[in-house]
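Undergrad: The numbering of the sequence shown is UniProt numbering, which starts it at 1 and goes up by one. Cβ coordinates follow ideal geometry from the N, Cα and C atoms, glycine included. Every value quoted in this text rests on a predicted model; they were computed, and no experiment measured them.
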Amino acid sequence: MSTMQSVIDRFIHYYAELDSQPPSALSALYHPDAVLQDPFGEHQGFVAIHRYFTHLLANVEQCRFSIDSPLCDGQRFAVTWTMHWSHPHIRGNELLSLPGCSVVEVQGEQVLHQRDYYDAGEMLYEHLPVLGWAVRGVKKRVRA
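1) Give me the Cβ distance between W81 and I67, rounded to the nearest whole Å; I'm assuming they're in contact under 8 Å.
2) Determine the extent of the beta strand (DSSP E) in which A34 is found, giving its start and end residues.
3) Looking at the strands, I want to know which residues DSSP matches up with A78.
4) Quick one: measure Cβ to Cβ for F77 and L18, integer angstroms, because I've assumed they're closer than 8 Å.
5) Within 10 angstroms of the Cβ of Q114, are there 16 or more other Cβ atoms? Answer buried if so, exposed if not.
6) Output the boundary residues of the alpha helix (DSSP H) element that contains H13.
7) Need the endpoints of the beta strand (DSSP E) that residue 151 sits in, please.
8) Helix or strand or just coil, what does DSSP make of H50?
9) Quick one: give me the first and last residue of the beta strand (DSSP E) that H43 is part of.
10) Just the C-alpha distance for V7 and P39, rounded to the nearest angstrom, thanks.
11) Cutting at 6 Å between CB atoms, please list the residues of its own chain near P70, excluding the five before and the five after it.
See the structure below:
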């Protein structure tokens, strides 16, 4: 198996069961100088990424990903995915789904840079009482 395929397999396995992964699993996947970007911010270095995941997973009941086959190009790959998640303070802990995409750059056997693309409004803001109403209204007008 190639180094790239090994990283992809570990990436998919990690995210497929994100809510049950031990913190030590992050160090096997992410380079010490890795950067993770998503709609909520940029996290530079392994310590910041570890802190982000710890905070992200602190209150969720479930957080797992269904990941489609990757597209590879040299030392990069991209995957589309659906995140399945629930949080006790969002829609009564109902299991929600969110589609997205990750573009990942690999160095050696670890992720060096990851950029996640998804609709933060659909993930969070649309589920908040007053803000959700406003976000849904704006999206409805844009689509019209």
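TA: Well, looking at it:
1) 5 Å
2) Y30 to D38
3) L71 and V103
4) Incorrect: roughly 18 Å between the Cβ atoms, too far for contact.
5) buried
6) T3 to A16
7) Only positions 1 to 144 of the chain appear in the structure, and residue 151 is not among them; the question remains open.
8) helix
9) G41 to Q44
10) 24 Å
11) I8, F77 and V79
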